[in-house]
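Residue numbering for the sequence shown is 2 to 296, as defined by the working numbering.
Since the structure comes first, as structure tokens, the remarks are kept for the end.
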Amino acid sequence: MGQDYVIFADVSADVDEAFAKENQVQFIPMSYTLGEENRHCAGMEREDVLVRFYNSQREGDLTQTSQINPVNYKENWEPYLKEGKSILYLALSSGLSGTFQSASLAAGDLLEEYEGVEIIPVDSLCATGGMGLLIEAAVANRDKGMSVSENAQWLNENRHRVNHWFLVEDLMYLKRGGRISAATALVGTTLNIKPILKIDAEGKLINFDKKRGTKGAIKALSDLYAKSHTADSEYELENNIYIVHADAPQSADLLEKMVKETNPDASVTKMMLSPIIGAHTGPGMAAVIHWGQKR
């Protein structure tokens, strides 16, 4: 009963690749552009590909992403539906993308063709490693025997417990995305100001603090983790943490060190940020993402 469905996510998720393969997590591909080049991302990108991506950003190449077409869902889901398997799909936050809406439309169309199966898109209200934490939870729930609908309900009830704390190195990417003004970006860059961002209860990325210098910003992220981490929780995955970075290994290493000083039991997955999200944050971004207090 608990194994008759497949867990899907889109490739904006950052999750341990070995874990995803071992547990047969599937991904919906997405496309992005790097300068004049169109690229297709079908899974976790290799580290050398990501290093080139962020170096190209540093050299001035513009990056963009495109919305998933509902047809893409049909192409990826139908092979499993034909086998009588249901689909549990974790979508990038509706506060950041129209992915959940597209998935819901595709699910409605396919359910008219296939009887006896379920297709349940879940609005993660998360991004990057936050989706990774929910994927881990979805797999654990499936292994416990939860049905697809029970698993979806659990994810909807617990998604607000995933906390995302970001720093961004280059303010110009936030300016291009309309999150800060050109004047703020210019002044901040001149003064070496690093904005601190979070994903709020509506799944939107908001700028709520700022620190001078990268080390000060990393310390702020570590402090936010310390304040919002629920150390007394009995949830089995509570100590799982994602530290995600956009080709900023030194920042990620320092952040990991600080987090483990706060919580020696932390199980840290450290990885580079997907180009789907990195297209909008730019190089140098670093984040700590964890289970904790409700947003």
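Glycine included, C-beta positions come from ideal geometry on N, C-alpha and C.
Everything numeric in this text was worked out from a predicted model, so none of it was measured.
Item: Exposed or buried, Val50, counting other C-beta atoms within 10 Å across all chains shown (16 or more means buried)?; Value: exposed
Item: Looking at the structure shown, is Arg213 part of a helix, part of a strand, or coil, going by DSSP?; Value: strand
Item: With a threshold of 8 Å on Cβ separation, who are the neighbours of Ile197 within its own chain once the five nearest residues in sequence on each side are excluded?; Value: Trp166, Phe167, Leu168, Asn208, Phe209, Asp210, Lys211, Lys212, Ala218, Ala221, Leu222, Leu225
Item: May I ask which residues mark the beginning and end of the alpha helix (DSSP H) holding Asp49?; Value: 48-59
Item: Assuming Lys75 and Ala107 form a contact by the criterion Cβ under 8 Å, report the distance between their Cβ atoms to the nearest whole angstrom.; Value: 6 Å
Item: Would you mind sorting Arg160 into buried or exposed? The rule is 16 or more other CB atoms within 10 Å of its CB.; Value: buried
Item: Would you list the one or two residues that DSSP bridges to Pro122?; Value: Tyr90
Item: Identify the continuous beta strand (DSSP E) that holds Arg40 and give its terminal residues.; Value: 38-42
Item: Shortest alpha-carbon distance to Arg47 belongs to which of Gln27, Ile69, Ala19?; Value: Ala19
Item: Distance check for Ile278 and Met286, CA to CA, integer angstroms please.; Value: 10 Å
Item: Check whether the region 84-96 touches the region 144-157, taking contact to mean three or more Cβ pairs, one atom from each stretch, closer than 8 Å.; Value: yes
Item: Which one or two residues does DSSP pair with Trp272 in a beta bridge?; Value: It is Met, not Trp, that sits at residue 272 in the sequence shown. According to DSSP, which records beta bridges pairwise, Met272 is partnered with Val245.
Item: Determine contact between the region 6-19 and the region 118-134, defined as no fewer than three beta-carbon pairs at a distance below 8 Å.; Value: yes
Item: Taking just the CA atoms, how far does Ile244 sit from Met45?; Value: 16 Å
Item: Looking at the unbroken alpha helix (DSSP H) that takes in Lys258, where does it start and where does it end?; Value: 250-263
Item: Return the bridge partner residues of Pro196 from the DSSP annotation.; Value: Lys211
Item: Output needed for Met2: all residues of its chain with C-beta closer than 7 Å, excluding positions within five of it in sequence on either side, in chain order.; Value: At Met2, the pLDDT of 39 sits below 50, so the modelled position is not reliable; the number obtained from the coordinates is stated separately. Cβ neighbours of Met2 beyond the five flanking positions: Gly146, Ser148.
Item: Please state whether the Cβ-Cβ distance between Leu156 and Asn241 is less than 8 Å.; Value: no
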